[in-house]
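Read the structure below first, then the notes.
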Amino acid sequence: MSALATQTDRSYWAAIAERLVPHADAFIDGSFVAARSGERRASINPATGAVVAEVAECGPEDVDLAVAAARRAFQDGRWSRRPPRERQEVLLCLARLIARESDELAVLETVDAGKLIADTSTADVPGTAAILTWYAELADKIPGEIQPTGEGDLALVTREPLGVVGAVVPWNYPLETAMWKVAPALVTGNSVVLKPAEDSPLTALRLAALAREAGLPDGVLNVVTGAGPVVGQALGRHPDVDVITFTGSTAVGKLFLRYAGESSLKQVWLECGGKSANVVFGDVADLDRVADGVIDGIFSNQGQVCSANSRLLVERSIEDELIQRVLERTARIRPGDPLDPAVNMGPLVSVRQAATVRQYIETGKTEAELLTGGTEVPGAATYAFVPPTIFGGVTPDAVIAQEEIFGPVLAITSFDSEEEAIRLANGSVYGLAASLWSDSLARVHRVAPRLRAGTVSVNRVDAIDVAVPFGGFGQSGFGRDLSRHALDQYTGLKTTWINYR
Ligand code: NAD
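In our numbering, the protein residues as written are 20 to 520.
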């Protein structure tokens with residue numbers, strides 16, 4: 020790295036990547052340990068195919084150890100019964116350590132999951148620290164209630180931590196999604212066993228090391244790496260796990276409901292897939308702004324966003340004009356090295372995911388008109404790259420309009436009336452998010468309540484904030500991450516009747 024390299028230079032980030040020594044063992048009861056079996060799995064940089072680390076491939080026996088450590092920590096009160104303000108201090112310290120290590124965490128995320136350094140360094144990692152800070156500050160601001168039950172009795176209603184939380188997270192926002200679960204679980208006094216996705220375990224392991232440095236007691240946060248059907252299933256079926264909080268596909272979300280039903284009836288909270296509609300009405304004057312939103316809504320993070328606006332529903336009167344602006348912007352997207360801050364699209368998370376997306380693109384070619392993109396990125400170093408791809412004239416029942424592709428693929432359908440727009444937008448098994456563009460306040464108020472989505476963004480896409488709940492309806496799951504409402508997922512209401520007569 021030249022002495023003058025800054026965060027706007029690829030060389031700045033490449034130098035950090037070169038000297039990285041990732042934690043690769045599981046983190047159980049305050050120590051990094053190999054899997055009992057000794058097995059390991061290569062974590063691959065999807066931009067280059069290089070092995071970033073050989074990560075512990077845990078099995079059910081490792082999950083047993085982690086859950087037992089979490090249970091011991093919960094039972095003896097080293098964290099669960101600590102005064103809220105002391106928990107707050109530890110978590111705020113952890114947030115500061117995340118900020119201190121932000122460059123390395125950003126690079127870890129980029130080389131492990133292929134995410135753009137331009138995003139990990141400015142959004143994912145600072146966002147993770149901000150989420151933790153927000154929840155830590157809540158630690159001593161979660162009051163109970165006294166209900167007016169009549170003379171002689173006092174009914175105290177308090178929120179109690181549930182115990183051992185199993186947090187199973189995906190690879191698209193590995194560190195940030197982990198913090199969506201870990202922060203509210205820890206601030207309310209639970210112990211956590213975190214299971215990162217196979218393709219992106221490294222920042223979760225680094226988080227564990229930082230938590231230890233911050234003074235989080237042993238056993239309170241454990242990280243168990245390995246295969247979903249093995250480690251995830253073992254957590255889901257474990258009799259001593261009290262609650263599962265999951266973000267991932269709808270298919271696996273359904274499995275967690277089954278695991279719970281066939282084991283201990285643990286609580287399960289699911290944030291699953293989406294096929295979010297971006298509805299643009301013909302009364303919008305500023306189509307440039309809309310076009311920017313369309314691009315952002317589908318191509319950021321290579322389309323690997325659960326709330327990605329993957330269906331563009333546009334009023335026929337402005338269809339041609341909007342598509343032209345969207346195509347002009349798409350032509351400026353150049354997939355490339357995600358460690359280069361000037362690059363605006365990276366690879367997908369893995370060669371396997373790229374193959375899945377390419378398959379959908381092949382299907383799309385048989386059912387709609389390919390306007391740009393396709394399956395190949397000229398000159399791309401590995402097969403994990405897929406170009407930004409747009410289909411026009413997509414019918415509502417087409418596979419590419421119904422199934423979550425989780426890649427940079429946009430399906431455009433036109434409509435002629437408000438009623439039709441609402442029907443098309445709601446014509447999905449999912450209900451995670453929707454966007455709505457209109458210059459008519461009356462129309463916004465008419466349409467927004469009728470869109471079946473956990474979040475409706477008006478005249479923007481994908482609005483999100485730690486203070487605001489995030490989650491879906493239908494097969495996008497239930498329960499809400501972020502905001503005060505997430506605390507409900509990690510606490511149970513407890514009533515204590517005191518007879519003082
Ligand atoms: P996935 O469901 O395959 O994996 C998610 C997690 O579940 C991973 O940790 C994985 O190891 C584990 N898992 C996989 N199979 C399992 C099994 N049989 N039993 C137990 N655990 C198992 O999803 P993914 O491919 O990692 O992520 C993409 C999906 O996540 C998309 O569908 C996307 O929409 C969804 N997602 C949703 C949100 C949201 O908030 N709603 C956010 C991000 C991603």
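For every residue, glycine included, the Cβ atom is placed at its ideal position computed from N, Cα and C.
Along the beta strand (DSSP E) that carries residue i, what are the first and last residues, could you check?
{"i": "residue 459", "result": "Neither: residue 459 is in no beta strand (DSSP E) and is coded neither H nor E."}
{"i": "residue 180", "result": "172–180"}
{"i": "residue 323", "result": "That residue, residue 323, is in no beta strand (DSSP E); it is neither H nor E in DSSP."}
{"i": "residue 45", "result": "45–47"}
{"i": "residue 75", "result": "70–75"}
{"i": "residue 289", "result": "286–290"}
Where do the ends of the alpha helix (DSSP H) carrying residue i lie?
{"i": "residue 60", "result": "Element bounds for residue 60: not the alpha helix (DSSP H) but the beta strand (DSSP E), 59–63."}
{"i": "residue 327", "result": "Here residue 327 belongs to no alpha helix (DSSP H), and DSSP marks it neither H nor E."}
{"i": "residue 275", "result": "269–281"}
{"i": "residue 30", "result": "29–38"}
Within its chain, find whatever has a CB closer than 7 Å to the CB of residue i; leave out the 5 residues flanking it on each side and keep chain order.
{"i": "residue 487", "result": "501 and 502"}
{"i": "residue 453", "result": "295, 296, 298, 444, 470, 472 and 475"}
{"i": "residue 59", "result": "73, 74, 75 and 76"}
For residue i, which residues in the same chain have their Cβ closer than 6 Å to its Cβ, ignoring the five residues on either side in sequence?
{"i": "residue 418", "result": "382"}
{"i": "residue 140", "result": "125"}
{"i": "residue 204", "result": "184, 211 and 509"}
{"i": "residue 189", "result": "216, 266 and 267"}
{"i": "residue 355", "result": "362"}
{"i": "residue 504", "result": "488"}
When the Cα atoms are used, what is the spatial distance from residue i to residue j?
{"i": "residue 196", "j": "residue 388", "result": "35 Å"}
{"i": "residue 183", "j": "residue 210", "result": "5 Å"}
{"i": "residue 422", "j": "residue 411", "result": "16 Å"}
{"i": "residue 20", "j": "residue 52", "result": "Bear in mind that a pLDDT of 45 at residue 20, under 50, signals an unreliable position, so the model cannot answer this."}
{"i": "residue 278", "j": "residue 264", "result": "13 Å"}
{"i": "residue 217", "j": "residue 438", "result": "43 Å"}
{"i": "residue 372", "j": "residue 311", "result": "26 Å"}
{"i": "residue 143", "j": "residue 334", "result": "34 Å"}
{"i": "residue 72", "j": "residue 115", "result": "26 Å"}
{"i": "residue 341", "j": "residue 309", "result": "8 Å"}
{"i": "residue 490", "j": "residue 498", "result": "7 Å"}
{"i": "residue 27", "j": "residue 36", "result": "15 Å"}
{"i": "residue 77", "j": "residue 233", "result": "26 Å"}
{"i": "residue 409", "j": "residue 433", "result": "14 Å"}
{"i": "residue 353", "j": "residue 407", "result": "9 Å"}
{"i": "residue 507", "j": "residue 394", "result": "43 Å"}
{"i": "residue 40", "j": "residue 458", "result": "52 Å"}
{"i": "residue 50", "j": "residue 118", "result": "23 Å"}
{"i": "residue 384", "j": "residue 402", "result": "20 Å"}
{"i": "residue 85", "j": "residue 93", "result": "12 Å"}
Any heavy atom of ligand 2 closer than 8 Å to the Cβ of residue i?
{"i": "residue 378", "result": "Looking for ligand 2 in the displayed structure turns up nothing; the ligands present are ligand 1."}
Sorted by chain position, which residues of the same chain lie with C-beta nearer than 8 Å to residue i's C-beta, five sequence neighbours on each side aside?
{"i": "residue 519", "result": "171, 172 and 173"}
Should the segment 351–368 be called in touch with the segment 127–146, which here means at least 3 C-beta pairs below 8 Å? yes
Would you call the segment 250–262 and the segment 227–237 touching, i.e. three or more CB-CB distances under 8 Å? no
Would you call the segment 316–332 and the segment 421–438 in contact, with 3 or more CB pairs under 8 Å? yes
What ranges does the alpha helix (DSSP H) occupy inside the segment 354–431, keeping only unbroken runs of at least 4 residues that lie completely in it? 370–386 and 418–421
Under 8 Å, with one C-beta from each stretch per pair, do the segment 254–263 and the segment 283–294 reach the 3-pair mark? yes
In chain order, what are the residue ranges of uninterrupted beta strand (DSSP E) at least 3 long that sit wholly in the segment 175–215? 183–187 and 210–214
Would you check if the segment 54–64 and the segment 72–82 touch, i.e. whether three or more CB-CB distances between them fall below 8 Å? yes
Below 8 Å, how does it come out for the segment 35–47 and the segment 233–249: are there three or more Cβ pairs, yes or no? yes
Jot down the residue ranges of each uninterrupted alpha helix (DSSP H) in the segment 74–143, minimum 4 residues, whole runs only, in chain order. 79–95, 103–119 and 121–132
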